[in-house]
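Shown next, in structure tokens, is the structure this report addresses.
Number of protein chains: 2
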Amino acid sequence: MTDEVENVETEEQAEVDELEALKRERDELVDTAQRVQAEFDNFRRRTARDRQELVSLANERLVKELLPVLDDLTRALQAAEKHEEAKLEEGVKLVHRQLAQILEKEGLAEIETEGVFDPHVHEALLAQPSEAEPGSVIEVLQKGYRLGDRVLRPARVIVAE
Amino acid sequence: MTDEVENVETEEQAEVDELEALKRERDELVDTAQRVQAEFDNFRRRTARDRQELVSLANERLVKELLPVLDDLTRALQAAEKHEEAKLEEGVKLVHRQLAQILEKEGLAEIETEGVFDPHVHEALLAQPSEAEPGSVIEVLQKGYRLGDRVLRPARVIVAE
């Protein structure tokens, strides 16, 4: 063989090798892409199922905490039926404290109503003549609440004219 | 050029073309794999954030429904302080009905205690001599509840010896 023929053969061999290597790389990439896609699809399906479960579980926990409140209300009701006034009053106090504590633990907080009317957290139902600073809250008709940083219900108030 | 040389050149050209095509394919696959992976990562991050929000929202809805219960309990408490017994009793009935309805809407249901003791839904606190069928429930000390198909709290009962 002449050197030239040898060179051509070596070059050809190199090209064939590169071709083979590329084909392998391509096949591996196709595999990887399919695997990642399949994992993604699985994850998406699992997520949808998880969401359902998560909502049920979140509510389940809160519902479970409310059972003693329901129990004590039932007991207060029985005391009322038997006209055991002291027991009834004690029961109502207990239930009120229980429910307030449960909701507080959930992040519920009363909206402040001291001072100036704030349209973000107050709802003015009435304006009345008053000796107080005009525009200040003079009476709370219904307490307002926030949960975390969200206003769950504005405080319904009367403001000074 | 001889035919042979021409053939070799055509073959070489074909190989170069195939190599080029494979390289393009490989590059596109790398792009696709990277894109799918990035989408997957984003989805995963978004999902974690969504879960937090979902739990808060699920609880927020229930907490919001409980606000009127808290209001009416506060009113009942005020009636108790003023010794307005009729109003207090009325208030307790109202609150009890409200809370029971809210929890029922969440899927809460009382566990049946009629008939034979069922260890899946009942908890026997005592066994007492009785004229009833041995092993039957003769008294309920604390009501049991299920939420959907899950036992939230077994009914605590006394069974006949």
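Chains A and P, in that order, give the protein sequences.
Straight run, no breaks: the first sequence in this note's numbering ends on number 288.
Straight run, no breaks: the second sequence in this note's numbering ends on number 288.
Glycine included, every Cβ here is placed at the ideal spot set by N, Cα and C.
Treat the numbers as computed from the prediction; the structure is a model and nothing was measured.
Leaving out five residues on either side along the sequence, give the residues of the same chain with a beta carbon under 7 Å from the beta carbon of R280 of chain A.
G271 and Y272
Residue ranges of each alpha helix (DSSP H) within the stretch 188–265 of chain A, 4 or longer
212–232
Can the beta-carbon of V278 of chain A be found closer than 8 Å to that of A185 of chain P?
no
Please report whether the beta-carbon of D198 of chain P lies at a distance below 8 Å from any beta-carbon of chain A.
yes
So, does the stretch 215–229 of chain A touch the stretch 191–198 of chain A, judging by three or more C-beta pairs under 8 Å?
yes
Neighbour-count burial assignment, V243 of chain P, 16 or more Cβ in a 10 Å radius:
exposed
Cβ atoms of D199 of chain A and L215 of chain A: under 8 Å apart, would you say?
no
Contact set between the stretch 203–223 of chain A and chain P, restricted to residues whose Cβ is under 7 Å from the partner
A203, L204, A207, E212, L215, E216, V219, K220, V222 and H223
Take the Cβ of T240 of chain A as the centre, count every other Cβ of all protein chains shown within 10 Å, and call the residue buried at 16 or more, exposed below.
buried
Euclidean distance between Cα positions of T159 of chain A and A282 of chain A
57 Å
CA-to-CA distance, E180 of chain A to G275 of chain P, given in whole angstroms:
A direct Cα-to-Cα measurement between G275 of chain P and E180 of chain A gives close to 12 Å.
For E237 of chain P, return the contacting residues in chain A, with the cut-off set at a CB-CB distance below 8 Å.
Correct list: empty, because the minimum Cβ distance to chain A is about 10 Å.
Q161 of chain P beta carbon near the ligand NAP (any heavy atom closer than 7 Å)
Judged by which ligands are present, the structure shown has none, so any question about the ligand NAP falls away.
Which value, in whole angstroms, describes the spacing of the CA atoms of A206 of chain P and V196 of chain P?
Rounded to whole angstroms, A206 of chain P and V196 of chain P show a C-alpha spacing of 15 Å.
Taking just the CA atoms, how far does V264 of chain A sit from L252 of chain A?
Taking the straight line joining both Cα atoms gives about 11 Å.
Hey, how far is the Cα of R173 of chain P from the Cα of A165 of chain A?
19 Å
Buried or exposed for L268 of chain A, going by 16 or more other Cβ atoms inside 10 Å?
exposed
Could you check whether E142 of chain A and L149 of chain P sit closer than 8 Å to each other, using their CB atoms as the reference points?
no
Are the C-beta atoms of R172 of chain A and some chain P residue less than 8 Å apart?
No, R172 of chain A does not count as interfacial toward chain P.
Distance between V163 of chain A and L156 of chain P (C-alpha atoms, nearest Å):
12 Å
Taking the CB atoms as reference points, tell me whether E288 of chain P and P261 of chain P lie closer together than 8 Å.
yes
Proximity winner among P:G218, P:E187, P:H249 and P:E208, relative to I229 of chain A (alpha-carbon distances):
P:E187
Which chain P residues sit within Cβ distance under 9 Å of K232 of chain A?
Simply none; closest approach about 10 Å.
What residues of chain A sit near Q269 of chain P, judged by a beta carbon separation below 8 Å?
D198
Under the DSSP definition of a beta bridge, which residues are partnered with R283 of chain P?
P:E250 and P:Q269
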